Structures are given as structure tokens and as C-alpha cells.
Amino acid sequence: MKKNDRLELIRKIVQENKITTQGELVKLLQNEGLKATQATVSRDINEIGITKVPTEDGSYIYGLSTAPRRVGGTSVVTRRLLRVDRQHAFMNIVVQPGTSRLIKKILLDEYKHLIFSVIADDDTLFLVAQSELAAIELQGQIIKWVEE
């Protein structure tokens, strides 16, 4: 199966099922005849922009981002930013659970020239800027996102 077909199948499965883990998604893909590793699924989730979204009972499931990335200059996704701390060239960014990978992608798309590396888990990003000045600029941009 080609990559684009796999990505489309993942979108379809996520839209039609309540999936709480990547392991569940891997099993559903296998049920569709596609053998995929958790690592591949993780990369695909990041590329598609799938995030964990809250359900009515307070749990989280995987869902597609339906909002445009920018609306009137304000990033819809960045409304999920909770805190931004900086020390020298290091930044710790706390976000709502399930949104860190999408925010990581946006940061890399828009500010790659300022970023040395960024690591994301479920609700936190650890970012190393190219320099302390780059970190100051990034922090300012992120704060502007929140204030817009």
C-alpha cells in the first residue's frame, strides 16, 4: 500500500472509531489488511495532524484537526498552550494533553531556523533553540499566539 493510501485509511479509521491508543489503531489497520508498526503509525499521526481530543466523559480519543491552522491571524491550535517557560536557550512548553505533536509541527514549520531540536510527549514540549536570543524571540512569538 502506498503511503498516501495508508494515510487516508488512518484518517478514515480515526473518524469512524473511538481510538484511545496507537496500539488500537495498529490493530484496526491490521484488520484492514495493512501491516504497520507502532513507530510508523506514530509518524503518520504526526504528519496527518491527528491529536487527542476530549470526550464527554473526560477521557481522550484520537481525532482529526478540523479547524484551519490560522483564523484571523490566531492559531486555533495554540489556544491549547498552557505555559511557556524559558531558561537560556531551553524552553519548556506545556499544552493540553494530546496536542503537543501538532504544536511541535507548527513550530518547526514556522520557526525551524530558530530551533536546534524539540522533543514532544503527550502534554509537554522541550525545545532547544539555536541560541538564547533565538529562544527569546520564540518565546515572544508563542506568547503573541496566546494573546491574539
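Residue numbers (full-length UniProt numbering): 1 to 148.
Beta carbons are placed, not taken as given, at the ideal position from N, Cα and C, and that holds for glycine.
Note that the structure is predicted; figures quoted are calculated from it, not measured.
Note the first and the last residue of the continuous alpha helix (DSSP H) segment covering D44.
-> Within the sequence shown, residue 44 is the residue found at index 44, counting from 1. Looking at the DSSP string, the run of the alpha helix (DSSP H) that includes D44 is Q38 to I48.
Taking 8 Å as the threshold, find out whether the region 84-92 comes into contact with the region 49-66 through three or more Cβ pairs.
no
- Query: Looking at C-beta atoms only, is the number of pairs between the region 91-101 and the region 135-144 that lie closer than 8 Å three or more?
  - Reply: yes
Return the CA-CA distance between A36 and V14, expressed in angstroms with no decimal places.
As a position in the sequence shown, residue 36 is number 36, starting the count at 1. As a position in the sequence shown, residue 14 is number 14, starting the count at 1. Straight-line Cα distance between these residues: approximately 15 Å.
Requested in this report: Give the DSSP-derived three-state secondary structure of G33 in the structure shown.
Outcome: The residue given as residue 33 occupies position 33 in the sequence shown. In this structure, G33 counts as coil in the three-state DSSP scheme.
request  = Please report the Cβ distance between N17 and L29, rounded to the nearest whole angstrom; I am assuming they are in contact, meaning their Cβ atoms lie under 8 Å.
outcome  = In the sequence shown, the residue the question calls residue 17 occupies position 17. In the sequence shown, the residue the question calls residue 29 occupies position 29. In fact, because the Cβ distance is near 11 Å, the residues do not count as touching under 8 Å.
Worksheet entry | I19, DSSP secondary structure in three states | Locating residue 19 in the sequence shown gives position 19, counting from the first residue. Three-state DSSP puts I19 in coil, outside helix and strand.
Check: What whole-angstrom Cβ distance do Q130 and I115 have, given they're in contact under 8 Å?
Finding: The residue labelled residue 130 in the question sits at position 130 within the sequence shown. The residue labelled residue 115 in the question sits at position 115 within the sequence shown. Contact holds; Cβ gap of about 7 Å.
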